Structure formats: structure tokens, C-alpha cells
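The listed protein sequences correspond, in order, to chains A and B. When the letters of the first sequence are read in order and numbered with my numbering, they come out as residues 1 to 210. When the letters of the second sequence are read in order and numbered with my numbering, they come out as residues 1 to 210. Each residue gets a CB set at the ideal place from its N, CA and C atoms; glycine is no exception. Predicted model, so just to flag it, every value in this text is computed and none were measured.
Protein chains: 2
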Amino acid sequence: MVSDASQANATEPTPARKRVRDPEARRAAILAAARSVFAERGYAKATIREIAQRAGVTHGLVVMHFSSKEQLFLAAVPGTRDLADSVQGDAEGLAGRVAHAYVARMESADSADPFIALVRSAAGDQEAAKALLRAMREESVSAYRTVLTGPDVALRVDLLGAHLIGVTFSRYVLADGPIAAMPADELTRYLTMTLDGILFGSTGTVRSSS
Amino acid sequence: MVSDASQANATEPTPARKRVRDPEARRAAILAAARSVFAERGYAKATIREIAQRAGVTHGLVVMHFSSKEQLFLAAVPGTRDLADSVQGDAEGLAGRVAHAYVARMESADSADPFIALVRSAAGDQEAAKALLRAMREESVSAYRTVLTGPDVALRVDLLGAHLIGVTFSRYVLADGPIAAMPADELTRYLTMTLDGILFGSTGTVRSSS
Numbered sequence: 001m002v003s004d005a006s007q008a009n010a011t012e013p014t015p016a017r018k019r020v021r022d023p024e025a026r027r028a029a030i031l032a033a034a035r036s037v038f039a040e041r042g043y044a045k046a047t048i049r050e051i052a053q054r055a056g057v058t059h060g061l062v063v064m065h066f067s068s069k070e071q072l073f074l075a076a077v078p079g080t081r082d083l084a085d086s087v088q089g090d091a092e093g094l095a096g097r098v099a100h101a102y103v104a105r106m107e108s109a110d111s112a113d114p115f116i117a118l119v120r121s122a123a124g125d126q127e128a129a130k131a132l133l134r135a136m137r138e139e140s141v142s143a144y145r146t147v148l149t150g151p152d153v154a155l156r157v158d159l160l161g162a163h164l165i166g167v168t169f170s171r172y173v174l175a176d177g178p179i180a181a182m183p184a185d186e187l188t189r190y191l192t193m194t195l196d197g198i199l200f201g202s203t204g205t206v207r208s209s210s
Numbered sequence: 001m002v003s004d005a006s007q008a009n010a011t012e013p014t015p016a017r018k019r020v021r022d023p024e025a026r027r028a029a030i031l032a033a034a035r036s037v038f039a040e041r042g043y044a045k046a047t048i049r050e051i052a053q054r055a056g057v058t059h060g061l062v063v064m065h066f067s068s069k070e071q072l073f074l075a076a077v078p079g080t081r082d083l084a085d086s087v088q089g090d091a092e093g094l095a096g097r098v099a100h101a102y103v104a105r106m107e108s109a110d111s112a113d114p115f116i117a118l119v120r121s122a123a124g125d126q127e128a129a130k131a132l133l134r135a136m137r138e139e140s141v142s143a144y145r146t147v148l149t150g151p152d153v154a155l156r157v158d159l160l161g162a163h164l165i166g167v168t169f170s171r172y173v174l175a176d177g178p179i180a181a182m183p184a185d186e187l188t189r190y191l192t193m194t195l196d197g198i199l200f201g202s203t204g205t206v207r208s209s210s
């Protein structure tokens with residue numbers, strides 16, 4: 001996520017309320033402000049206005065840098081772009097890489113984590129949730145297209161996303177039942193299996209007889 | 001769901017506000033009242049008190065018949081018990097039967113459908129959602145145990161449930177993207193594949209090289 005030392009330093013989650021002149025530092029201040037506002041308000045209720053105020057910049061500057069609330073969310077929240085990054089590599093290990101990145105990312109997330117907040121608040125503000133999921137889907141699909149071919153890549157990626165939404169619901173939002181109770185490495189193992197089936201399973205035949 | 005003609009008639013969703021004497025008719029009146037209250041209020045906000053009032057019976061009688069709000073929900077809402085019924089049969093065709101039952105059930109559901117209302121409101125009242133999902137899970141697992149054996153049946157059934165929750169979210173709640181856009185029979189075909197992978201996939205090995 002972080003490309004150099006100065007940026008790593010600037011993205012410390014301390015909201016900068018004073019005016020910041022350096023463009024890179026200003027961008028980092030916007031990202032830090034966005035993380036704290038998304039965590040406090042949830043995705044649906046967060047506004048670019050409040051993020052701009054907290055970063056000490058104008059509304060217009062935020063829009064210039066990130067174009068929309070969805071894009072700002074994707075840039076600010078660790079994990080959404082990480083998942084897309086984990087796609088890169090051979091098709092063979094794809095399910096395992098995504099399963100591993102998802103579990104590693106979610107296990108260290110706290111309950112105020114914006115991604116969990118999104119799944120929670122998708123129920124409340126459907127239009128906001130729809131816009132965000134659409135942005136995440138587009139980003140995912142273009143990442144997967146670098147590894148996968150076929151007429152139904154977008155559909156399989158959407159099914160994979162739905163699977164992870166359902167697992168997030170059980171393990172990290174409701175936090176109840178066998179999915180919530182299993183150790184993280186076992187979850188990774190099961191997700192590798194299920195995601196592999198979603199990405200590479202045949203839709204023409206059901207399981208051959210056993 | 002409906003075992004005889006008199007019950008079919010009695011379960012018409014017209015709330016009976018007058019006192020009903022016949023035990024079978026009274027049970028049917030409670031179910032009809034429950035369906036309308038769950039549809040209007042959502043699962044979390046529905047109360048046994050209001051359901052009893054609308055059915056023209058006492059709170060105690062509802063509890064005597066159904067023991068809890070979760071059990072009443074499972075009995076009243078078409079689809080939750082249908083899914084468990086569809087499990088019966090050979091292991092070979094299991095994924096296909098469940099996929100078919102899920103799609104058939106959800107395609108005819110309207111937006112006030114209590115099952116969709118549950119997935120929506122799980123975000124709001126977590127304790128209520130947890131209790132209901134626990135009841136559904138128990139019912140599902142005992143149905144699947146008649147067909148499947150193995151140490152991880154409960155876990156695989158939970159993963160299958162999570163998958164259907166995620167698909168419900170995309171297609172029937174947010175109603176956006178490739179999963180929402182595909183024809184019902186194609187969805188059945190893809191779900192047969194994904195559910196088969198969840199139920200019978202191997203966790204020991206990832207896909208052999210291709």
C-alpha cells in the first residue's frame with residue numbers, strides 16, 4: 001500500500017487539522033482523515049465534506065484527488081486494493097492467494113473497520129452500498145482479467161465476492177457458528193477450496209459419480 | 001409446506017382479527033399473522049405480542065405452539081423449511097436440489113419477503129439475527145446429516161449458508177451486478193457448481209495443475 005518512507009510517515013492516522021502545503025502530504029492527510037471518518041461514521045454516513053474539513057483541505061481538492069467517495073474509500077481502506085494486488089500470479093495458486101490475503105486482512109481488522117462497517121451498513125443505505133460494491137467489483141474484475149480468461153470472468157468474480165461477503169457476515173459481523181469458531185489457518189484452507197471451485201469449477205456437469 | 005386443503009385455505013395471508021376456536025385454524029391464523037407482521041416490520045422489529053394480537057389469540061398460546069420468535073419465523077416463512085426439505089435424496093444430486101430450491105423460492109419472493117428482510121436487518125439487530133441464523137443453521141445441519149457424513153458437515157453447511165447469504169445480498173437485496181443480471185436457470189447452474197464444491201471439494205489439495 002505504501003510506496004516510500006515519506007508517505008509511510010505521512011499516512012500515520014493522526015488527523016491533520018492545519019493547512020498542509022506539500023501535495024504528497026496533503027494527499028496523505030486526506031487518506032488519514034478518510035480512514036478515521038469512515039471508521040467513525042460507517043461508509044454510508046461518511047461525507048467528503050467532513051473528510052475535507054478534517055484534512056484541512058477544500059472539498060474540491062478531495063474530489064480532484066479521488067473523484068468520488070467510493071474511489072476515496074478504495075484508496076483509504078487497507079484490504080480492498082490489497083485483495084486486488086493478491087490476484088497477480090499464476091492461475092494455479094490464485095484461490096490460495098486470495099484466500100490468504102482475505103483472511104490475513106480480516107483477522108487484523110477491528111470492529112470499526114470500514115470494510116466490516118460497509119457490510120453492516122449495506123442494509124441501511126442501499127444506494128451508497130451499491131455504488132461502493134460496484135467500484136470494488138470493477139477493480140476486482142480488471143485485476144482477475146490479468147490472470148483469467150473466458151466469457152464468464154466477471155460473473156465468477158462476482159460469485160467470489162458474494163462468497164466473501166457471506167463469510168464476512170458470519171465470521172466478522174454476526175461472529176457466530178462454525179465459520180466464526182474455526183482457526184484462521186483452517187478458514188484459509190476451506191476458502192482456498194471454495195474459491196477454487198467458484199473460479200475454476202465446471203458448470204456443465206455436476207460432480208462425477210463417486 | 002401445506003399438507004391438506006383445509007390448511008391451505010386457512011393459511012391465506014388474511015389476518016384474522018376475530019377469536020378463532022378451532023386449534024388447527026388458530027395455528028393457521030398465527031402463521032398468517034406472523035407472515036404479515038414479519039413482512040411489515042422485518043424480523044428484528046416483529047414481536048410475538050403484535051402477532052398474537054393480529055391472530056386474535058393470547059401471547060401464551062403463540063409461545064405454546066411455536067416456543068420462540070425464531071421457531072415461529074421458520075414455520076411461517078415459506079422457503080426456510082423448503083430448503084431443508086430439498087436436502088432429502090442422494091448425495092450425488094444434493095447441490096443441484098438445493099440450488100434449484102433456493103432459486104425457485106427466491107425468484108418468487110417479493111421485496112417485503114421476510115427472508116430478504118432478515119438479510120437486510122441482520123445489520124441492525126445483531127442479537128435477533130444471530131438467534132434466527134442459529135435456528136436456521138441447526139435445522140439445516142440436521143437435514144444435511146441425513147445425507148452427508150464426515151467430521152466437517154456442520155462447517156460445510158455453514159459455508160453453504162454463507163454462500164447463499166452473499167448471493168441473496170447481491171441478487172435480491174442490492175440487486176446489482178452480474179449475479180443480479182443473470183437468468184434464473186443460469187444462476188441455478190452456477191449455484192449447483194459452487195454448492196457442490198463447498199459440500200464435496202477437497203481441502204487437502206488445491207486444484208491439480210492444468
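Residue i (DSSP reduced to helix, strand or coil)
i, result
"B:MET64", "helix"
"B:SER170", "helix"
"A:ALA46", "coil"
"A:THR146", "coil"
"B:ASP125", "coil"
"B:GLY56", "coil"
"B:GLN71", "helix"
"A:ALA223", "Nothing can be reported for residue 223 of chain A: it is not among the residues displayed for chain A, which extend from 1 to 210."
"A:THR194", "helix"
"A:GLY226", "As shown, chain A starts at 1 and ends at 210. That puts residue 226 of chain A outside it, with no answer to give."
"A:THR188", "helix"
"B:ASP176", "coil"
"A:ASP82", "helix"
"A:PRO151", "coil"
"B:GLY204", "coil"
"A:VAL77", "coil"
"B:MET182", "coil"
"A:ARG21", "coil"
Test item: CB-CB of residue i and residue j under 8 Å
i, j, result
"B:LEU187", "B:VAL103", "yes"
"B:VAL98", "B:LEU83", "yes"
"A:TYR190", "A:LEU132", "no"
"B:HIS163", "A:HIS163", "yes"
"B:PHE169", "A:ILE179", "no"
"A:VAL220", "A:SER140", "Given a span of 1 to 210 for chain A in the structure shown, any question on residue 220 of chain A remains unanswerable."
"B:VAL153", "B:LEU94", "no"
"B:ARG27", "B:HIS65", "yes"
"B:LEU155", "A:MET136", "no"
"B:ALA33", "B:ARG54", "yes"
"B:ALA129", "A:LEU174", "yes"
"B:VAL63", "B:ILE30", "no"
"B:GLY161", "A:MET193", "no"
"B:ARG134", "A:ASP176", "yes"
Minimum Cβ-Cβ distance from residue i to chain B less than 8 Å
i, result
"A:ARG134", "yes"
"A:MET193", "yes"
"A:LEU74", "no"
"A:PHE38", "no"
"A:LYS69", "no"
"A:PHE169", "yes"
"A:SER209", "Confidence at A:SER209 is low in this model, with a pLDDT of 41, below 50, so the placement of that residue is unreliable and no value is reported for it."
"A:MET106", "no"
"A:ASP125", "no"
"A:ARG217", "For chain A, the structure presents residues 1 to 210; residue 217 of chain A sits outside this window and is missing."
"A:ALA55", "no"
Within-8 Å CB hit, residue i to chain A
i, result
"B:LYS45", "no"
"B:ARG203", "The question names Arg, yet the displayed sequence has Thr at residue 203 of chain B. Cβ-Cβ to chain A under 8 Å: yes for B:THR203."
"B:ARG97", "no"
"B:ARG189", "yes"
"B:ILE116", "no"
"B:ARG26", "no"
"B:PRO178", "yes"
"B:MET182", "yes"
"B:GLY197", "yes"
"B:ALA109", "no"
"B:ALA129", "yes"
"B:ALA16", "Residue placement at B:ALA16 is poorly supported in this model, since its pLDDT is 48, which falls under 50; the coordinates still yield a value, given next. So no, B:ALA16 is outside the interface."
Legend entry - Stretch pair the stretch 84-97 of chain A + the stretch 57-72 of chain A: three plus CB contacts closer than 8 Å: no
Inset, instruction - Would you list, in chain order, the members of the stretch 150-174 of chain B that have their beta-carbon closer than 9 Å to a beta-carbon of chain A? - result: ASP152, ALA154, LEU155, ARG156, VAL157, ASP158, LEU159, GLY161, ALA162, HIS163, LEU164, ILE165, GLY166, VAL167, THR168, PHE169, SER170, ARG171, VAL173 and LEU174
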